[in-house]
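Number of protein chains: 2
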Amino acid sequence: MASSPRSFSILFFFFIFLIDPSISTRTSFIKLPGSVDGSRYCDSWRLAAETNNAGTWDVIPSVCVDSVADYLNGEQFLSDYNVIADYVIAFAKTVEISGDDKDVWIFDIDETLLTNIDYYKAHGYGSEPFDSNSYNEWVVQGTAPAFDASLRLYNALKKLGFTIILLTGRDEDQRSFTETNLRDVGYSGWERLLLRGPKDQGTSATNYKSEQRSKLIEEGFKIRGNTGDQWSDLLGFAVADRSFKVPNPMYYIA
Amino acid sequence: MASSPRSFSILFFFFIFLIDPSISTRTSFIKLPGSVDGSRYCDSWRLAAETNNAGTWDVIPSVCVDSVADYLNGEQFLSDYNVIADYVIAFAKTVEISGDDKDVWIFDIDETLLTNIDYYKAHGYGSEPFDSNSYNEWVVQGTAPAFDASLRLYNALKKLGFTIILLTGRDEDQRSFTETNLRDVGYSGWERLLLRGPKDQGTSATNYKSEQRSKLIEEGFKIRGNTGDQWSDLLGFAVADRSFKVPNPMYYIA
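Residue numbers (the UniProt record's numbering), protein chains in the order written: chain A, 1 to 254; chain B, 1 to 254.
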C-alpha cells in the first residue's frame with residue numbers, strides 16, 4: 001500500500017513530538033501528592049510512563065518498587081500485553097500483503113519478545129541505576145524467557161505473511177547468544193536480526209532505530225508495523241504505518 | 001530556545017505515527033480473552049486507549065461501562081490527572097520564557113479544562129454512539145465544571161509566564177457559551193480562544209489543530225507545550241516541544 005513518497009508524506013503530516021531530549025527534564029524525583037497513597041500514585045506513575053507523559057526517567061520511583069513488582073508478577077501485566085497483541089493482530093489483518101516479502105513487521109527484543117524480569121527482580125525492578133556490566137552478564141547467559149503474548153503475536157504475524165525484522169539495541173557481539181536465546185524459547189523465521197555495530201555506538205536509541213528503518217525503506221521494504229516496549233523503538237523518522245507500545249514500567253531508554 | 005528552523009528539524013527527526021487514518025481499523029469489537037475478567041480486561045483496554053494502541057474507536061466496550069464509571073468517579077482518575085499535571089509543571093519550569101509573550105502553552109477544552117462527565121453519565125459513559133444534537137444542547141448550557149487539576153495546571157503555567165491559547169474542536173457559534181463557562185469555573189487570562197470556523201468544517205481534528213498551530217508559528221509564537229485528552233490534540237504537524245495526554249476513556253476523536 002504505502003509507497004515511499006506516500007510514506008514520506010504520511011510521516012511528515014502525522015507525527016508527534018512528545019520528547020525533546022535537549023530540553024527534557026528529569027522528573028523521576030517528582031513529589032508525591034500528599035493525599036495520594038502509594039499504590040494509587042504508582043498506578044498513576046505507570047500510566048504517565050506508558051503514555052510518555054513522564055518524559056525521560058532514570059529509575060522507577062523508590063516508593064513504587066512493590067507496586068511495579070506486583071504488577072509485573074500478577075495477571076494485569078499479562079492482560080495488558082494480551083489486549084495489545086489482540087489490537088496488533090486486528091490491525092495486521094487489515095494490511096494487504098503484497099506477496100513480494102517486502103511487508104515488514106519490526107520487533108524489538110528486550111521486554112518485547114524476551115523478558116528480563118529475572119534480572120530486574122534481582123536488581124530492584126528498575127529502582128537501581130542501570131549497570132551495563134551485570135546486565136551484559138545476564139544477556140550472554142541467553143536464558144531470557146519469551147512473553148507468551150509476544151510469542152503468540154509473533155507467530156500470528158508470521159502466519160499472516162509479514163516479513164519479520166528484529167531491531168534491537170543489543171550489540172553485534174551479542175548476536176550468537178541472542179539468536180540462541182530467541183530460538184530456545186520458540187522464535188524462528190525472522191528475516192534479519194539487526195544489532196548495533198561499531199558505527200552505531202553513541203547514537204541515541206531513537207536515532208539508531210530510525211536510521212535502521214530508513215535503510216530498510218531504501219531497500220524497498222514497507223514497514224507496516226512496529227512493536228516495542230520503548231518510545232525510542234517507535235519514535236523518530238521512517239516510522240511504521242502503525243506502532244504499538246507494549247508495557248514496560250522498569251526502565252526508559254531515550 | 002526553539003527557533004523555527006530548530007523546531008522544524010526537531011519535528012522532522014522526532015515524531016511518531018501511531019495512527020494512519022487511511023488504514024486504521026475499527027477495533028472496538030475486539031473479543032474479550034476468555035480467561036480475563038471484565039475489570040482486568042477493562043483496565044487493559046483503558047491502557048490501550050490511553051497509549052493509542054487501540055487506534056480509532058467509536059464507543060467504549062459495553063462490558064466496560066461500570067469499570068469506566070468507577071474509574072472516572074473514583075480517586076484514580078484524579079490521581080492520574082494530578083500526576084500528569086505535576087509532570088507538565090516540572091517540564092514547564094525548565095522552559096526559558098523569553099519575555100516577548102511568544103512562549104505559548106496550548107490547552108484543549110473538553111475533557112482537558114472542562115469536564116463533560118455530567119453529560120456522559122446520562123449517556124452511558126461513552127458506550128452510546130455520539131449524538132451531536134444532545135451534546136450541543138449540553139454545551140450551550142455552559143455548566144461544565146473544571147477539573148481541579150487542570151485549573152491548578154492552567155494557573156501555574158500562566159504564573160510561569162506562558163501565553164495561554166485555547167484550541168478546541170467546538171464551533172465558532174459556541175464562543176460566547178464557551179467563554180462564559182470557562183470564566184464561571186475560574187479560567188481567565190487566555191490570549192486567544194480558537195474555535196472551528198466555517199472553513200474548518202469537515203477537517204479532521206488532527207489536521208484542523210495542526211493547521212491552527214502552524215498559523216501560530218507563522219505569527220512568531222513558539223509552542224512550548226500542549227495539553228489535550230485526545231491524540232488528535234497532540235499529533236500532526238507543528239507540534240509542541242512537549243505534548244501531554246490527559247486521560248479520557250469516554251471517547252476518541254480522530
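Positions of the beta carbon are idealized from the N, C-alpha and C atoms, including for glycine.
TODO: Name the residue from Asp-70(A), Ala-205(A), Asn-155(A), Phe-107(A) whose alpha carbon lies nearest to the alpha carbon of Ser-188(A).
DONE: The residue given as residue 188(A) occupies position 188 in the first sequence. For Ser-188(A), the closest alpha carbon among the candidates Asp-70(A), Ala-205(A), Asn-155(A), Phe-107(A) is that of Asn-155(A).
TODO: Pick helix, strand or coil for Lys-245(B), following the three-state DSSP scheme.
DONE: Taking the first residue of the second sequence as position 1, residue 245(B) is located at position 245. The three-state reading of DSSP puts Lys-245(B) in strand, counting E and B together.
Task: Identity of the residue in Lys-121(A), Thr-115(A), Ala-90(A), Trp-105(A) nearest Asp-66(A) by Cα - done: Taking the first residue of the first sequence as 1, we reach residue 66(A) at position 66. Checked all of Lys-121(A), Thr-115(A), Ala-90(A), Trp-105(A); the closest Cα to Asp-66(A) is Lys-121(A).
Open item on the list: Thr-168(A) and Ile-84(A) - do their beta-carbons sit closer together than 8 Å?
Closed with: The residue labelled residue 84(A) in the question sits at position 84 within the first sequence. The residue labelled residue 168(A) in the question sits at position 168 within the first sequence. Taking 8 Å as the Cβ cut-off, Ile-84(A) and Thr-168(A) do not qualify as a contacting pair.
- [ ] Just grab the DSSP bridge partners of Asn-226(B) for me.
- [x] Against the second sequence, residue 226(B) aligns to sequence position 226. According to DSSP, Asn-226(B) bridges with Ile-106(B), Ser-243(B).
TODO: Quick one: grab the DSSP three-state call for Asp-171(B).
DONE: Here residue 171(B) is taken as the residue at index 171 of the second sequence, counted from 1. In this structure, Asp-171(B) counts as strand in the three-state DSSP scheme.
TODO: If I'm right that Met-207(A) touches Gly-236(A) with Cβ under 8 Å, what's the distance once you round it to whole angstroms?
DONE: The residue labelled residue 207(A) in the question sits at position 207 within the first sequence. The residue labelled residue 236(A) in the question sits at position 236 within the first sequence. Going by the sequence as given, residue 207(A) is Asn instead of Met. Rounded, the Cβ-Cβ distance is 6 Å, consistent with contact.
TODO: In angstroms with no decimal places, state the Cα-to-Cα distance between Thr-178(B) and Asp-131(B).
DONE: Taking the first residue of the second sequence as position 1, residue 178(B) is located at position 178. Taking the first residue of the second sequence as position 1, residue 131(B) is located at position 131. Rounded to whole angstroms, Thr-178(B) to Asp-131(B) spans 19 Å at the Cα level.
Task: 8 Å Cβ cutoff, Gly-202(B) in contact with chain A - done: Here residue 202(B) refers to the residue found at position 202 when the second sequence is read from its first residue. No, no contact with chain A.
Task: Length of the line joining the Cα atoms of Asn-133(A) and Ile-164(B) - done: Locating residue 133(A) in the first sequence gives position 133, where the first residue counts as 1. Locating residue 164(B) in the second sequence gives position 164, where the first residue counts as 1. Just so you know, the alpha carbons of Asn-133(A) and Ile-164(B) end up roughly 47 Å apart.
Task: Cβ neighbours of Ala-205(B) in the same chain (closer than 8 Å, five flanking residues each side left out) - done: For this step, residue 205(B) is matched to residue 205 along the second sequence. Cβ contact annotation for Ala-205(B) (same chain, cutoff 8 Å, sequence separation greater than five): Gly-169, Gln-230, Ser-232, Asp-233, Ile-253, Ala-254, in chain order.
TODO: Determine which residues share a DSSP beta bridge with Arg-46(B) and list them.
DONE: On the second sequence, residue 46(B) is found 46 positions in, with the first residue counted as 1. BP columns for Arg-46(B) are empty, so no partner.
Task: Close-in-space but distant-in-sequence residues of the same chain around Ser-98(B) (CB under 7 Å, 5 per side omitted) - done: In the second sequence, residue 98(B) corresponds to position 98, counting from 1. If the five residues before and after Ser-98(B) are omitted, its C-beta is found closer than 7 Å to no C-beta atom of its own chain.
TODO: With DSSP as the reference, label Thr-56(B) as helix, strand or coil.
DONE: Residue numbering aside, residue 56(B) sits at position 56 when the second sequence is read from its first letter. If DSSP states are grouped into helix, strand and coil, Thr-56(B) belongs with coil.
- [ ] Using a Cβ-Cβ cut-off of 8 Å, state whether Gln-136(B) counts as contacting chain A.
- [x] If you number the second sequence from 1, residue 136(B) lands on position 136. It should be pointed out that residue 136(B) corresponds to Asn in this sequence rather than to Gln. No - not a single Cβ of chain A is within 8 Å of the one on Asn-136(B).
Open item on the list: Measuring only the C-alpha atoms, how far is residue 266(A) from Leu-194(B)?
Closed with: Only positions 1 to 254 of chain A appear in the structure, and residue 266(A) is not among them; the question remains open.
- [ ] Please report the Cβ distance between Ile-223(B) and Ser-127(B), rounded to the nearest whole angstrom; I am assuming they are in contact, meaning their Cβ atoms lie under 8 Å.
- [x] Position 223 of the second sequence holds residue 223(B). Position 127 of the second sequence holds residue 127(B). Contact between Ile-223(B) and Ser-127(B) is ruled out by a C-beta separation of about 35 Å, above the 8 Å threshold.
TODO: Evaluate the contact criterion for the segment 212-223 of chain A versus the segment 145-153 of chain A: three or more CB pairs, one atom per stretch, below 8 Å.
DONE: Inter-segment contact for the segment 212-223 of chain A and the segment 145-153 of chain A is absent: fewer than three beta-carbon pairs are separated by less than 8 Å.
Task: Cβ-based neighbour list, Leu-157(A), same chain, cut-off 7 Å, excluding 5 preceding and 5 following - done: Numbered from 1 along the first sequence, position 157 holds the residue referred to as residue 157(A). For Leu-157(A), where only same-chain residues beyond five positions count, the Cβ hits under 7 Å are Ala-92, Trp-105, Ile-164.
- [ ] Quick one: which residues of the segment 36-64 of chain A get their C-beta closer than 7 Å to a C-beta of chain B? List them in chain order.
- [x] For chain B, the residues of the segment 36-64 of chain A that bring a beta carbon within less than 7 Å of one of its beta carbons are Val-36, Arg-40, Tyr-41, Asp-43, Ser-44, Trp-45, Leu-47, Ala-48, Glu-50, Thr-51, Asn-53, Ala-54, Gly-55, in chain order.
- [ ] Measuring only between beta-carbons, confirm whether Tyr-87(B) sits less than 8 Å from chain A.
- [x] Looking up residue 87(B) in the second sequence gives position 87. Judged by the 8 Å Cβ criterion, Tyr-87(B) is in contact with chain A.
Task: Beta-bridge partners of Arg-196(B), as assigned by DSSP - done: Counted from its first residue, the second sequence places residue 196(B) at position 196. Arg-196(B) is bridged by DSSP to Asp-171(B).
Open item on the list: Given this structure, state the Cα-to-Cα distance separating Thr-56(A) from Ser-79(B), to the nearest angstrom.
Closed with: The count along the first sequence starts at 1 and reaches residue 56(A) at position 56. The count along the second sequence starts at 1 and reaches residue 79(B) at position 79. Linking Thr-56(A) to Ser-79(B) through their CA atoms gives a straight-line distance of about 20 Å.
Task: chain B contact for Gln-76(A) (CB, 8 Å cutoff) - done: Taking the first residue of the first sequence as position 1, residue 76(A) is located at position 76. It does: the Cβ of Gln-76(A) has a partner Cβ on chain B nearer than 8 Å.
Task: Beta-carbon proximity check, Tyr-125(B) vs Ala-48(B), cutoff 8 Å - done: One-based indexing of the second sequence puts residue 125(B) at position 125. One-based indexing of the second sequence puts residue 48(B) at position 48. Not a contact, by the Cβ cut-off of 8 Å.
Open item on the list: Judging by CA-CA distance, which residue of Ser-176(A), Gly-186(A), Tyr-135(A) is the nearest neighbour of Ala-123(A)?
Closed with: By 1-based counting over the first sequence, the position of residue 123(A) is 123. In the sequence under discussion, the amino acid at residue 123(A) is His, which differs from the Ala named in the question. Taking His-123(A) as reference, the option from Ser-176(A), Gly-186(A), Tyr-135(A) with the minimal CA-CA separation is Tyr-135(A).
TODO: Go through its chain and collect everything with a Cβ distance to Ile-89(A)'s Cβ below 7 Å, but skip five positions before and after it.
DONE: Within the first sequence, residue 89(A) is the residue found at index 89, counting from 1. Hits under 7 Å: Leu-153, Ala-156.
Task: For Gln-201(A), the first and last residue of its enclosing alpha helix (DSSP H) - done: Counting from one through the first sequence, the residue named residue 201(A) turns up at place 201. Annotation for Gln-201(A): no alpha helix (DSSP H) segment contains it, and DSSP assigns it neither H nor E.
Task: Beta-carbon contacts of Lys-144(A) that lie in its chain and below 7 Å, excluding the five residues immediately before and after - done: Working through the first sequence from its first residue, we reach residue 144(A) at position 144. One point to set straight first is that residue 144(A) is Ala, not Lys, in the sequence displayed. By the criterion of a C-beta distance shorter than 7 Å, Ala-144(A) is surrounded in its chain by Leu-114, Thr-115, Asn-116, Asn-181, once the five residues flanking it on both sides are discounted.
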